[in-house]
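First the structure, in the form of structure tokens, and then the observations on it.
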Amino acid sequence: MWDIFAAGLAVKAQVPRAPTWALLIGVGFLDILFGPFVLAGIERATVTPGVSPGFSLDYIDWSHSLAMSLVWSILFAAAFARHGRPVMVAVGLAVFSHFLLDLPMHPPDLALWPDSAAHVGFGLWQKLMTTLPPACRASRVAHRLRDLARALMGTP
Ligand SMILES: [Zn+2]
């Protein structure tokens, strides 16, 4: 999850005029959509107590499919038209980076388009969580939190 914020800050380094808040919201935009979509019954998730990661994303085609990720990226970028093309491209890339970074981590629950039969995802998160000893998992989370704090404070 923290990798998405790193992606936003990497885009900021390339296009300093792009508002940091827009990049950080942009990288999480697909997840921001997911919450209201579940509440509205457009998408579905199931809580799975005792089974890592504790939930199953049953239908996230409208927030997280490849095609809709492109659509959300374009719409989000369009909201920054008055900032110029480089900023539009930067915030659009920030939104689309979410799909690219979810792809290796998610199980195959990322549709190519809404209601597509084909779903992608390499399941790396599940593999890490089931193969790493608990101490290693806690260490990885602690390191990610530290890296995020450093990035946000601008320290190396
Ligand atoms: Zn996501």
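Residue numbers for the sequence shown, in my numbering: 1 to 156.
All C-beta atoms, glycine included, are put in the ideal place defined by N, C-alpha and C.
Every value quoted in this text rests on a predicted model; they were computed, and no experiment measured them.
Under a criterion of Cβ closer than 6 Å to any non-hydrogen atom of ligand 1, which residues qualify, in chain order?
Leu30, Asp31, His64, His98, Asp102
For Phe29, which of helix, strand or coil comes out of DSSP?
Your numbering for residue 29 matches position 29 in the sequence shown. Three-state result, Phe29: helix.
Spatial neighbours of Val47 in its chain, beta-carbon cut-off 6 Å, leaving aside the 5 residues before and after:
The count along the sequence shown starts at 1 and reaches residue 47 at position 47. Excluding residues within five positions, the ones whose Cβ falls inside 6 Å are Phe55.
Using a Cβ-Cβ cut-off of 7 Å (strictly less than) and excluding sequence neighbours within five positions of Asp109, which residues of its own chain qualify?
Your numbering for residue 109 matches position 109 in the sequence shown. Cβ within range, chain order: Leu57, Ile60, His119, Gly121.
Kindly indicate which three-state DSSP category Leu101 falls into: helix, strand or coil?
Indexing the sequence shown from 1 puts residue 101 at position 101. Helix.
Start and end of the beta strand (DSSP E) containing Leu57?
Counting from 1 along the sequence shown, the entry for residue 57 is found at position 57. Its beta strand (DSSP E) spans residues 55-59.
Please go through the same chain and pick out, in chain order, the residues whose beta-carbon is closer than 6 Å to the beta-carbon of Ser73, but skip the five residues on each side of it.
As a working note, residue 73 is residue 73 in the sequence shown. Around Ser73: Gly92, Val95, Phe96.
Cutting at 8 Å between CB atoms, please list the residues of its own chain near Val38, excluding the five before and the five after it.
On the sequence shown, residue 38 is found 38 positions in, with the first residue counted as 1. Closer than 8 Å at Cβ, skipping near neighbours: Arg44, Ala45.
Limits of the unbroken alpha helix (DSSP H) element including Thr48
Locating residue 48 in the sequence shown gives position 48, counting from the first residue. Where Thr48 is concerned, there is no enclosing alpha helix (DSSP H), given that its DSSP letter is neither H nor E.
My assumption, with CB atoms under 8 Å, is that Ala90 sits in contact with Ala10. Please give the rounded CB distance.
Taking the first residue of the sequence shown as 1, we reach residue 90 at position 90. Taking the first residue of the sequence shown as 1, we reach residue 10 at position 10. Incorrect: roughly 10 Å between the Cβ atoms, too far for contact.
In angstroms, rounded to a whole number, what distance separates the CA positions of Lys12 and Thr130?
One-based indexing of the sequence shown puts residue 12 at position 12. One-based indexing of the sequence shown puts residue 130 at position 130. About 34 Å.
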